[in-house]
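Residue numbers (our numbering), protein chains in the order written: chain V, 1418 to 1699; chain E, 1101 to 1368. For glycine and all other residues, C-beta sits at the position ideal for the given N, C-alpha and C. Predicted model, so just to flag it, every value in this text is computed and none were measured.
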């Protein structure tokens, strides 16, 4: 569990980036942190593995204050995946890239070998095992960066903007993969602007604005609240807008993603087609 | 650590007589300090060259950041000292070489702290340097803070992967920086390619003759600085050639390095 109590933070000589943030993130929960640019999202997640320490308040990971642990110790349990893969890739081959953190954490060579191979398979990267990370496409580099963190199997996984630069198919795969991790009991926290992605995953949503939590709850209720969404400089999911437009002829405003909308609308249309017309009824 | 070091080379807008000087005269002043530091190996003179910059630093109201950059350079200074000692330079002489490094670093730190990238570009243009060169130079200076932010992000990203920078012996610590340097260099190269493409698509170099809305003019203080610099350098040259200088000798010297002899040559 990651618990944040009354956390405020400011960089030296600057104004507060975070103000009195309170959050409880239970094990196995799937959470999306959303908000406008500069709302403090990245600053907040950097506290989870101790890269930043709160100026006020406490951050506890599994009951231990982050002030009492080094980043390396905390990272063993909290895997943080940065937004830009180019900020971390450096090794000669993809498999060495994955092995780097395992070596830092002192895993034995045969465990390293096994984990790297299994992760490469899971993320569809096995053909790049011996390739340099730098020759891969943007989306592939992003996946390598993801693999490089998941390889040591951290309990809590935080992803900063995981969907940027991914095509639709990859996003879909990412969603499935995240769901798989959630079902394994991992805490997954994503920082994102991608409303449609969140609408499809339906995690718990924490909305940040100007360093404060302005809403915290299920995706469906938050993303359909246009006042809240606007305050955080987001727009409601397109499906939600469509459903609202259709509300007078039976649209369901609770539906925010394309998959459910598909089922719903097809169902409705079938009902109409299959229902006996007035002439048939006679 | 690394960020503080950069502070000492970053321009900030402050009202001071040094900031107001023409970049050309400031550059001549810097070169003056630089040349005087190179003229001597005598420790007393190098200390004087170093201390001679202090009034300028104070006048420019940048003493705090100047001190920070000096502290940041301490590692390299100590490195120079140790290397000289290892390769058989005398104790005092090794200190003098480190001192020379500080004198030179201080001069450039002063220049970059008090000269904006725009002024520098203008100065280069007005001394008829090709625009592409002036542009490259100003862009390089302007990208330093961006690179510093990048460096911090890379450090954060690698620490999140369990890298502990200050762990291990001397060699290990240097090797710890490989995962930091490679992403930094790669992203700098990527950025430069992107920048070049963006520039070309916006018509960079389309017109042969560029005009500039602002022009630099030399004023009285500038001429005074230039004359003072010339006199200072003149004096330094005179002293280095004709004035016998006292030498400080502290007889500490490491035994000369004996390279391990190869067995092949050691005879039968």
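### Query
Sorted by chain position, which residues of the same chain lie with C-beta nearer than 7 Å to residue 1548/V's C-beta, five sequence neighbours on each side aside?
1510 and 1511
### Message
Can you look up residue 1588/V in the DSSP assignment and give me helix, strand or coil?
### Response
helix
### Task
List the DSSP bridge partners of residue 1573/V.
1495/V and 1604/V
### Query
Which residues of chain E have a Cβ atom closer than 8 Å to the Cβ of residue 1468/V, listed in chain order?
1256, 1259 and 1260
#### Entry: Length of the line joining the Cα atoms of residue 1671/V and residue 1608/V
Straight-line Cα distance between these residues: approximately 23 Å.
#### Entry: Three CB pairs or more closer than 8 Å across the region 1133-1140 of chain E and the region 1196-1214 of chain E
yes
### Message
Cutting at 6 Å between CB atoms, please list the residues of its own chain near residue 1688/V, excluding the five before and the five after it.
### Response
none
#### Entry: Beta-carbon proximity check, residue 1221/E vs residue 1208/E, cutoff 9 Å
no
### Task
Using beta-carbon positions only, say whether residue 1438/V and residue 1423/V come within less than 9 Å of one another.
yes
### Task
Pull up the CB-CB distance for residue 1682/V and residue 1657/V, whole angstroms please, since I reckon it's below 8 Å.
About 14 Å; that fails the 8 Å criterion.
### Query
List, in order along the chain, the chain V residues whose C-beta lies closer than 7 Å to that of residue 1297/E?
Near residue 1297/E there are no residues of chain V at all, since even the closest Cβ is about 16 Å away, more than 7 Å.
### Query
Is the Cβ-Cβ distance between residue 1254/E and residue 1284/E less than 9 Å?
Yes, the Cβ-Cβ distance between residue 1254/E and residue 1284/E is below 9 Å.
### Task
Check each candidate in 1346/E, 1322/E, 1170/E and 1292/E and name the one with the smallest Cα separation from residue 1120/E.
1322/E
### Query
What is the rounded straight-line gap between the Cα of residue 1210/E and the Cα of residue 1168/E?
Spanning the alpha carbons of residue 1210/E and residue 1168/E requires a straight line of approximately 12 Å.
### Task
On the DSSP bridge assignment, give the partners of residue 1632/V in chain order.
1624/V
### Query
Out of curiosity, what's the CA-to-CA distance linking residue 1483/V and residue 1463/V?
11 Å
### Query
Once you ignore the five residues that flank residue 1468/V on each side, which residues in its own chain have a CB closer than 8 Å to its CB?
1488 and 1497
### Query
Looking at the structure shown, is residue 1438/V part of a helix, part of a strand, or coil, going by DSSP?
strand
### Task
Determine, using beta carbons only, whether residue 1161/E and residue 1325/E come nearer to each other than 9 Å.
no
### Task
Using a threshold of 9 Å, state whether the C-beta atoms of residue 1492/V and residue 1273/E are closer than that.
no
#### Entry: Cβ distance (whole Å) where residue 1606/V is taken to contact residue 1421/V below 8 Å
Incorrect: roughly 11 Å between the Cβ atoms, too far for contact.
### Message
If contacts are defined as beta-carbon pairs under 8 Å, then residue 1653/V and residue 1643/V qualify, I think. What distance do you get, rounded to the angstrom?
### Response
6 Å
### Proximal residues, the region 1480-1494 of chain V versus chain E, C-beta separation under 8 Å
1487, 1488, 1489, 1492 and 1493
### Task
Report all residues from its chain with a CB closer than 8 Å to the CB of residue 1630/V; omit the five preceding and five following residues, and keep chain order.
1438, 1439, 1440, 1623 and 1624
### Query
Are there 16 or more other CB atoms within 10 angstroms of the CB of residue 1518/V, so buried, or fewer, so exposed?
Counting Cβ neighbours within 10 Å, residue 1518/V comes out buried, since at least 16 surround it.
### Cα-Cα separation between residue 1330/E and residue 1108/E, rounded to whole angstroms
26 Å
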